[in-house]
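Below is one structure; the comments refer to it alone.
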Amino acid sequence: MPKPAKAQAPQPENPQQLILDGAVVNNEWHLIPSDESAADLSAATLASGRLMLPLAVWQELRGELTDRKSEIGVWLDSDETADLLGEAACELPLIAVHFPAFADGRGFTTGRLLRERYGFAGELRAIGNFMRDQLSYLSRCGFNAFAYQGDQSLEELLKSLRDFSQSYQAAVDQPEPLFRRRGLA
Amino acid sequence: MYRYDDRDRTIISERVAQFRDQTARYLAGELSEEEFLPLRLQNGLYIQRLAPMLRVAIPYGLLNSAQLRRLARISRDYDKGYAHFTTRQNLQFNWPQLEDVPAILAELAEVEMHAVQTSGNCIRNTTSDPYAGVARDEIADPRPYCELIRQWSTFHPEFAFLPRKFKIAVNGAQADRAAIRVHDIGVQIVEQDGEIGFAIYVGGGQGRTPVIAERIREFLPEEDLLSYLEAIVRVYNQLGRRDNKYKARIKILVKALGAEEFAARVEREWEQIRDGVDRLTPEALTWAKSFFTAPEYKVLDSTDSDAALAAEASEDKAFARWLERNTFRHRVPGYRAVKLSTKPTGVPPGDVTDRQLEAIADLADEFSFGEARITHDQNAVLADVEQGNLKALWQAARKHGFATPNIGTLTDMICCPGGDYCSLANAKSIPVAEAIQRRFDDMDYLYDLGDLNLNISGCMNACGHHHVGHIGILGVDKKGEEFYQIQLGGSSSESASLAKVLGPSFSRAEVPDVIGRILDLYVELRHPDELFVDTYHRIGLQPFKEKVYAKAS
Numbered sequence: 034m035p036k037p038a039k040a041q042a043p044q045p046e047n048p049q050q051l052i053l054d055g056a057v058v059n060n061e062w063h064l065i066p067s068d069e070s071a072a073d074l075s076a077a078t079l080a081s082g083r084l085m086l087p088l089a090v091w092q093e094l095r096g097e098l099t100d101r102k103s104e105i106g107v108w109l110d111s112d113e114t115a116d117l118l119g120e121a122a123c124e125l126p127l128i129a130v131h132f133p134a135f136a137d138g139r140g141f142t143t144g145r146l147l148r149e150r151y152g153f154a155g156e157l158r159a160i161g162n163f164m165r166d167q168l169s170y171l172s173r174c175g176f177n178a179f180a181y182q183g184d185q186s187l188e189e190l191l192k193s194l195r196d197f198s199q200s201y202q203a204a205v206d207q208p209e210p211l212f213r214r215r216g217l218a
Numbered sequence: 404m405y406r407y408d409d410r411d412r413t414i415i416s417e418r419v420a421q422f423r424d425q426t427a428r429y430l431a432g433e434l435s436e437e438e439f440l441p442l443r444l445q446n447g448l449y450i451q452r453l454a455p456m457l458r459v460a461i462p463y464g465l466l467n468s469a470q471l472r473r474l475a476r477i478s479r480d481y482d483k484g485y486a487h488f489t490t491r492q493n494l495q496f497n498w499p500q501l502e503d504v505p506a507i508l509a510e511l512a513e514v515e516m517h518a519v520q521t522s523g524n525c526i527r528n529t530t531s532d533p534y535a536g537v538a539r540d541e542i543a544d545p546r547p548y549c550e551l552i553r554q555w556s557t558f559h560p561e562f563a564f565l566p567r568k569f570k571i572a573v574n575g576a577q578a579d580r581a582a583i584r585v586h587d588i589g590v591q592i593v594e595q596d597g598e599i600g601f602a603i604y605v606g607g608g609q610g611r612t613p614v615i616a617e618r619i620r621e622f623l624p625e626e627d628l629l630s631y632l633e634a635i636v637r638v639y640n641q642l643g644r645r646d647n648k649y650k651a652r653i654k655i656l657v658k659a660l661g662a663e664e665f666a667a668r669v670e671r672e673w674e675q676i677r678d679g680v681d682r683l684t685p686e687a688l689t690w691a692k693s694f695f696t697a698p699e700y701k702v703l704d705s706t707d708s709d710a711a712l713a714a715e716a717s718e719d720k721a722f723a724r725w726l727e728r729n730t731f732r733h734r735v736p737g738y739r740a741v742k743l744s745t746k747p748t749g750v751p752p753g754d755v756t757d758r759q760l761e762a763i764a765d766l767a768d769e770f771s772f773g774e775a776r777i778t779h780d781q782n783a784v785l786a787d788v789e790q791g792n793l794k795a796l797w798q799a800a801r802k803h804g805f806a807t808p809n810i811g812t813l814t815d816m817i818c819c820p821g822g823d824y825c826s827l828a829n830a831k832s833i834p835v836a837e838a839i840q841r842r843f844d845d846m847d848y849l850y851d852l853g854d855l856n857l858n859i860s861g862c863m864n865a866c867g868h869h870h871v872g873h874i875g876i877l878g879v880d881k882k883g884e885e886f887y888q889i890q891l892g893g894s895s896s897e898s899a900s901l902a903k904v905l906g907p908s909f910s911r912a913e914v915p916d917v918i919g920r921i922l923d924l925y926v927e928l929r930h931p932d933e934l935f936v937d938t939y940h941r942i943g944l945q946p947f948k949e950k951v952y953a954k955a956s
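Chains as they are written, first to last, in this note's numbering: chain A, 34 to 218; chain B, 404 to 956.
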């Protein structure tokens with residue numbers, strides 16, 4: 034299996050504000066990084082409030098966190114595929130997908146599969162280094178939250194969500210490809 | 404050909420607006436160089452050695468006379484009055500101004516053209532057989548499938564940031580004229596028990612690590628084309644390497660997993676989506692095919708038509724030669740397809756002037772139902788010419804410099820822009836092409852040599868397809884000097900093979916002589932009617948090596 038070496042994986046930022054369902058809102062979730070400190074976490078020492086846990090931490094602790102289900106989300110790194118959560122995705126209120134670099138497009142597939150294959154209906158959040166001009170694609174792949182860490186204002190970003198009003202393919206936002214919508218029958 | 408409806412027009416015009424905004428933000432400093440890069444690339448815009456280069460998509464090479472005239476006008480208004488046909492059947496402008504690109508895209512949109520995904524790490528223009536729809540050995544016309552793939556891949560939200568670029572080719576004939584075995588995905592139309600379907604090849608490619616594709620499926624039902632492609636690209640998007648751009652193409656993943664394991668993963672993914680909405684409906688297939696129906700051919704008697712043509716040919720040797728090399732047998736009696744050569748001596752292969760683009764448009768209107776095709780060997784095809792009009796067409800083509808009767812011969816070279824234009828190149832390629840054309844300008848000699856593909860790349864990225872040339876020339880850098888490596892025995896046909904390196908490289912001045920020695924040996928050792936590539940496969944590399952590197956005695 035060709036797996037890229039995970040050298041000093043960059044950690045996503047967790048900005049104070051983000052775009053959620055087309056509006057700028059305050060970020061109510063804390064992000065637990067996946068660095069060395071994650072190894073020492075336990076259900077008892079975990080901070081209170083809404084938390085996005087690295088996948089490995091969540092897998093380790095999920096059995097002990099059943100009474101906190103509504104405030105425990107998971108964030109997936111770009112090499113962590115949707116099937117690692119699988120059906121369990123439906124139990125989560127939030128899943129974040131990390132884009133360590135905007136050129137790393139694995140998260141687009143992860144988003145679509147979480148929505149289309151595993152039926153995830155909660156908040157699907159893009160985190161990390163995605164850019165403004167990817168918002169329409171991200172949104173088509175099922176992302177409804179954007180924790181943008183770049184230089185532009187979130188108000189400016191909102192404009193890019195509306196770049197396209199029509200599309201050829203089926204995706205999360207559009208249940209049918211255009212060839213089924215052209216009125217050919 | 405495919406015609407846009409309001410939905411297609413909306414998508415393309417929204418893209419123009421989006422790119423206009425992106426360019427404005429870049430020029431205002433709001434978008435960094437690094438962020439603008441993938442955006443401009445996905446609109447075909449490179450920053451080259453001397454100026455930006457804009458690559459316009461010509462889906463599967465097909466275009467009409469109005470589009471040709473618009474391309475001519477753009478080359479005049481925004482460029483230096485010429486353009487370049489590429490090996491992906493696209494067209495490049497070499498000198499546009501960055502600020503003008505949004506306006507150029509708007510002009511293209513007016514004639515249902517765009518530059519979408521002609522570069523970048525996304526699914527590129529789907530290529531095909533330039534004789535699609537007219538070839539006698541055709542199983543089914545590939546163009547409806549190409550158009551369905553074009554639509555599926557255009558702004559695919561999941562696959563715009565793949566590990567690396569991704570190229571798909573579809574071939575519909577017995578002979579492979581679309582080089583499908585050197586593509587990321589090669590689609591071969593096949594017929595099984597009266598049903599049309601596809602054999603699927605993956606993991607072919609050229610570049611630094613040339614690989615012949617592996618067949619991962621013998622028969623894919625027609626309606627499953629898009630879901631299967633989606634499964635392949637999805638597996639690649641998840642597992643393809645992203646740590647090293649030279650190991651990021653799907654061919655590396657297929658090699659690493661093994662074709663069998665890769666195929667198994669694709670099949671597993673496909674099982675999950677094959678019954679989904681991407682399954683092509685009978686209506687969608689009928690609709691796609693409706694754009695590529697036969698034009699209003701005349702009913703001609705083939706015996707009469709052939710006899711009349713033979714009579715014309717017997718009176719004029721130059722016409723006869725052109726007929727032999729530059730025309731192609733048509734499935735309809737009394738018609739031929741004609742290849743217009745862009746390879747007269749001294750012109751960079753694939754370059755055409757604004758006037759020539761307009762001339763192709765005029766010839767298409769007069770002789771070929773208003774359509775033309777760009778070929779992967781950088782020429783143009785008029786696919787539907789009545790045999791009785793061939794002489795008039797030949798005379799007109801001669802006037803415009805398109806009638807060099809060298810199609811398929813040594814001087815009909817594939818050649819990348821090379822060090823004259825490209826910032827990646829290690830060496831120039833156009834002057835090498837010209838030197839070879841000048842050295843081998845005796846048409847009788849070229850005809851005697853027969854079919855011979857000579858391909859030239861200015862660096863190992865292999866845009867000039869040197870790995871699959873019968874003779875391949877690769878520009879290399881040796882301590883700051885331009886040298887050329889010679890390779891022999893490549894082919895992109897249905898019996899695809901990769902060329903092997905002959906030996907140490909040569910200076911530019913030596914190249915024509917070296918080619919001469921290779922050809923001398925071929926002429927000496929060939930069997931009657933044996934093509935160069937067949938002689939090579941029979942006798943191997945060694946005799947050529949000995950001939951070329953023999954010490955002068």
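We treat Cβ as the ideally placed atom computed from N, Cα and C, and that holds for glycine.
Exercise for the section: Please state whether DSSP places Arg410 of chain B in a helix, a strand or coil. Expected result: Counted from its first residue, the second sequence places residue 410 of chain B at position 7. Of the three classes helix, strand and coil, the one that applies to Arg410 of chain B here is helix, per DSSP.
Exercise for the section: Between the Cα of Ile565 of chain B and those of B:Val573, B:Arg553, B:Ser522, B:Ile507, spot the shortest distance and give me the residue it belongs to. Expected result: Here residue 565 of chain B corresponds to residue number 162 of the second sequence, with the count starting at 1. In the sequence on display, residue 565 of chain B carries Leu and not Ile. Residue B:Ser522 is the option with its Cα nearest to Leu565 of chain B.
Practice task
Output the boundary residues of the alpha helix (DSSP H) element that contains Met846 of chain B.
Solution key: Within the second sequence, residue 846 of chain B is the residue found at index 443, counting from 1. Element bounds for Met846 of chain B: 846 to 852.
Exercise for the section: Determine the burial state of Gly144 of chain A: buried for a count of at least 16 other Cβ atoms within 10 Å of its Cβ, exposed for fewer. Expected result: As a first step, residue 144 of chain A must be located in the first sequence, where it is residue number 111. With 16 or more other Cβ atoms within 10 Å, it is buried.
Handout entry: Reduced DSSP category for Val904 of chain B - H, G, I as helix; E, B as strand; rest coil
Key = Against the second sequence, residue 904 of chain B aligns to sequence position 501. Val904 of chain B: strand per DSSP, three-state reduction.
Exercise for the section: Could you tell me whether any Cβ in chain B is nearer than 8 Å to the Cβ of Arg148 of chain A? Expected result: Translated into the one-based positions of the first sequence, residue 148 of chain A becomes position 115. With 8 Å as the cut-off, Arg148 of chain A does not count as an interface residue toward chain B.
Handout entry: Contacts of Ser200 of chain A in chain B (Cβ-Cβ under 8 Å)
Key = Mapped onto the first sequence, residue 200 of chain A falls at position 167. Ile414, Phe558, Pro560, listed in chain order.
Exercise for the section: Flag this pair as yes or no: are the beta carbons of Ser832 of chain B and Gly867 of chain B separated by less than 8 Å? Expected result: Residue 832 of chain B sits at position 429 when you count from the first residue of the second sequence. Residue 867 of chain B sits at position 464 when you count from the first residue of the second sequence. A contact, by the Cβ cut-off of 8 Å.
Practice task
Within the same chain, show all residues whose beta-carbon is closer than 6 Å to that of Tyr407 of chain B, passing over the 5 residues directly before and after it, in chain order.
Solution key: Stepping through the second sequence from its first residue, residue 407 of chain B is reached at position 4. For Tyr407 of chain B, where only same-chain residues beyond five positions count, the Cβ hits under 6 Å are Glu515.
Practice task
Answer with yes or no whether the minimum CB distance from Leu217 of chain A to chain B is below 8 Å.
Solution key: For the purposes of this step, residue 217 of chain A is identified with residue 184 of the first sequence, where counting begins at 1. Chain B contact via Cβ: present.
Practice task
Would you be able to state if there are at least three C-beta pairs under 8 Å between the segment 545 to 564 of chain B and the segment 619 to 632 of chain B?
Solution key: yes
Exercise for the section: Check distances from the C-beta atoms of the segment 865 to 877 of chain B to those of chain A and list, in chain order, the residues that come in under 8 Å. Expected result: none
Problem - Minimum Cβ-Cβ distance from Trp673 of chain B to chain A less than 8 Å - result: Working through the second sequence from its first residue, we reach residue 673 of chain B at position 270. No, Trp673 of chain B does not count as interfacial toward chain A.
Problem - Ordered list of beta strand (DSSP E) runs contained in the segment 816 to 877 of chain B, each at least 3 residues - result: 857 to 860
Practice task
Check the Cβ-Cβ distances between Arg652 of chain B and every residue of chain A, and say whether any is below 8 Å.
Solution key: Counting from 1 along the second sequence, the entry for residue 652 of chain B is found at position 249. Chain A contact via Cβ: absent.
Handout entry: Span of the beta strand (DSSP E) around Pro624 of chain B
Key = As a working mapping, residue 624 of chain B is identified with position 221 in the second sequence. Unbroken beta strand (DSSP E) run through Pro624 of chain B: 617 to 624.
Exercise for the section: Entirely within the segment 764 to 821 of chain B and at least 3 residues each: give me those beta strand (DSSP E) ranges in chain order. Expected result: 774 to 777, 783 to 789
Practice task
Could you run through the segment 88 to 114 of chain A and flag, in chain order, every residue whose CB is less than 7 Å away from some CB of chain B?
Solution key: Thr114
Exercise for the section: Run the CB neighbour count on Ser67 of chain A, radius 10 Å, all protein chains shown included, and call it buried at 16 or more, exposed below. Expected result: In the first sequence, the residue the question calls residue 67 of chain A occupies position 34. Buried, by the Cβ-count rule.
Problem - Interface flag, Arg410 of chain B vs chain A, CB-CB below 8 Å - result: As a working mapping, residue 410 of chain B is identified with position 7 in the second sequence. Cβ-Cβ to chain A under 8 Å: yes for Arg410 of chain B.
Practice task
Indicate whether the contact test is met: 3 or more Cβ pairs, each with one atom in the segment 605 to 616 of chain B and one in the segment 858 to 877 of chain B, closer than 8 Å.
Solution key: yes
Problem - Where Phe947 of chain B meets chain A, residues with beta-carbon distance less than 7 Å - result: The count along the second sequence starts at 1 and reaches residue 947 of chain B at position 544. The contacting residues do not exist; Phe947 of chain B stays about 37 Å from chain A at best.
Handout entry: Residue from B:Ala687, B:Asp482, B:Ala506, B:Asp532 whose Cα sits closest to the Cα of Thr490 of chain B
Key = As a first step, residue 490 of chain B is located in the second sequence; it is residue number 87 there, counting from the start. Answer by Cα proximity: B:Asp532.
Handout entry: Closer than 7 Å at the beta carbon, the chain B residues around Asp166 of chain A
Key = In the first sequence, counting from the first residue as 1, residue 166 of chain A sits at position 133. Near Asp166 of chain A (Cβ distances below 7 Å), the residues of chain B are Gln425, Leu442.
Practice task
Give, in chain order, every residue of the segment 500 to 512 of chain B whose Cβ lies closer than 7 Å to some Cβ of chain A.
Solution key: none
Handout entry: When B:Gln591, B:Glu541, B:Ile889 are compared against Phe947 of chain B, the one with the closest alpha-carbon
Key = As a position in the second sequence, residue 947 of chain B is number 544, starting the count at 1. Here the closest residue by C-alpha is B:Ile889.
Exercise for the section: Tell me whether Glu664 of chain B is buried or exposed, calling it buried when 16 or more other Cβ atoms sit within 10 Å of its Cβ. Expected result: Here residue 664 of chain B refers to the residue found at position 261 when the second sequence is read from its first residue. The residue in question, Glu664 of chain B, is exposed, as its Cβ has fewer than 16 Cβ neighbours within 10 Å.
Practice task
In the DSSP assignment, find the alpha helix (DSSP H) that holds Gly919 of chain B and state where it starts and stops.
Solution key: The residue given as residue 919 of chain B occupies position 516 in the second sequence. Where Gly919 of chain B is concerned, the enclosing alpha helix (DSSP H) stretches over 914 to 928.
Practice task
For Leu74 of chain A, I'd like the list of residues in its chain whose CB is within less than 6 Å of its CB, leaving aside the five on either flank, ordered along the chain.
Solution key: Sequence index remark: in the first sequence, residue 74 of chain A carries index 41 (1-based). Answer for Leu74 of chain A: Val90, listed in chain order.
Handout entry: Burial state of Cys123 of chain A, where buried means 16 or more other Cβ atoms lie within 10 Å
Key = If you number the first sequence from 1, residue 123 of chain A lands on position 90. Looking at its Cβ environment, which holds fewer than 16 other Cβ atoms inside 10 Å, Cys123 of chain A is exposed.
Problem - Cutoff 8 Å: Glu120 of chain A Cβ touching any chain B Cβ - result: Against the first sequence, residue 120 of chain A aligns to sequence position 87. Chain B, which has no Cβ nearer than 8 Å to the Cβ of Glu120 of chain A, makes this no.
Practice task
State the Cα-Cα distance for the pair Ala800 of chain B and Arg724 of chain B, rounded to the nearest angstrom.
Solution key: Position 397 of the second sequence holds residue 800 of chain B. Position 321 of the second sequence holds residue 724 of chain B. Distance between the alpha carbons of Ala800 of chain B and Arg724 of chain B is about 14 Å.
Problem - Any 3 or more C-beta pairs closer than 8 Å across the segment 555 to 562 of chain B and the segment 594 to 610 of chain B - result: no
Exercise for the section: State the CB to CB distance for the pair Gly606 of chain B and Ala697 of chain B, rounded to an integer number of angstroms; the pair is presumed to be in contact (CB under 8 Å). Expected result: Numbered from 1 along the second sequence, position 203 holds the residue referred to as residue 606 of chain B. Numbered from 1 along the second sequence, position 294 holds the residue referred to as residue 697 of chain B. No, Gly606 of chain B and Ala697 of chain B are not in contact; Cβ-Cβ is about 35 Å, not under 8 Å.
Problem - Buried versus exposed, by CB contacts within 10 Å (16 or more), Asp916 of chain B - result: Working through the second sequence from its first residue, we reach residue 916 of chain B at position 513. When all chains shown are included, Asp916 of chain B counts as exposed.
Handout entry: Length-filtered (3 minimum) beta strand (DSSP E) runs lying within the segment 711 to 757 of chain B
Key = 730 to 732, 738 to 743, 754 to 756
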